[in-house]
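The numbering of the sequence shown is this note's numbering, which starts it at 35 and goes up by one. The C-beta atom is built at its ideal place from N, Cα and C for all residues, glycine as well.
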Amino acid sequence: MKVLLDVGVSPRLRQLPKHQLGGVPVESAVYHNWRSLRDNELLAEAEREGFTTVITTDKRMAEEQQHATIVAIDDNSLGGLLAAASSLADAVRSTLPGERPQ
35 MKVLLDVGVS PRLRQLPKHQ LGGVPVESAV YHNWRSLRDN ELLAEAEREG
85 FTTVITTDKR MAEEQQHATI VAIDDNSLGG LLAAASSLAD AVRSTLPGER
135 PQ
């Protein structure tokens, strides 16, 4: 398992889900210089690089891209992510490719 934070999710937050996921690698699309990629291009690159899950603030991406595991979050603030850390980690661990977390 390897998690990618979409460009709309602050790369500073890499440590939050990584800690919750027991050491699973968490990287940022910003780090990979994937800012200019469209959703389908980003997901293709992520798949090529071995990412199994994408965390995004883009609800449209989660609705349109059925072949990837995408966890869409509502609140990208540090406080919002800290409050949702446990449920975010549960969603990442339990969602299968093509599913949308509940």
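Quick one: give me the first and last residue of the alpha helix (DSSP H) that L47 is part of.
-> Sequence index remark: in the sequence shown, residue 47 carries index 13 (1-based). Careful: L47 lies outside any alpha helix (DSSP H) and carries neither H nor E.
Pick from L55, M95, L38: whose alpha carbon is nearest that of S62?
-> Residue numbering aside, residue 62 sits at position 28 when the sequence shown is read from its first letter. Nearest C-alpha to S62: L38.
Do G42 and T91 have their C-beta atoms within less than 8 Å of each other?
-> Taking the sequence shown and counting its residues from 1, the one referred to as residue 42 is at position 8. Taking the sequence shown and counting its residues from 1, the one referred to as residue 91 is at position 57. Yes, Cβ-Cβ distance for G42 and T91 is below 8 Å.
Helix, strand or coil: how does DSSP classify A78 here?
-> Taking the sequence shown and counting its residues from 1, the one referred to as residue 78 is at position 44. The answer is helix: DSSP assigns A78 an H, G or I state.
Among the residues of its own chain, which have a CB less than 8 Å from the CB of D40, if the five just before and after it don't count?
-> The residue given as residue 40 occupies position 6 in the sequence shown. Taken in chain order, the residues that qualify are A63, L76, V88, I89, T90, T91, D92, M95.
Status (buried if at least 16 other CB within 10 Å, exposed otherwise) for A123 | Along the sequence shown, read from residue 1 onward, the residue named residue 123 stands at position 89. Counting Cβ neighbours within 10 Å, A123 comes out buried, since at least 16 surround it.
Using the rule of at least 16 other Cβ atoms within 10 Å of the residue's Cβ for burial, across every protein chain shown, is A78 buried or exposed?
-> By one-based count along the sequence shown, residue 78 stands at place 44. Looking at its Cβ environment, which holds fewer than 16 other Cβ atoms inside 10 Å, A78 is exposed.
Given Y65, which residues of its chain have a CB within under 8 Å of its CB, disregarding the five upstream and five downstream residues?
-> What you label residue 65 is simply residue 31 of the sequence shown in a count that begins at 1. Result list for Y65: P45, in chain order.
Check whether the Cβ atoms of R127 and L47 lie closer than 8 Å to each other.
-> Residue 127 sits at position 93 when you count from the first residue of the sequence shown. Residue 47 sits at position 13 when you count from the first residue of the sequence shown. Going by C-beta atoms, R127 is not nearer than 8 Å to L47.
Pick helix, strand or coil for E149, following the three-state DSSP scheme.
-> Any question about residue 149 goes unanswered here, given that the chain covers just 35 to 136.
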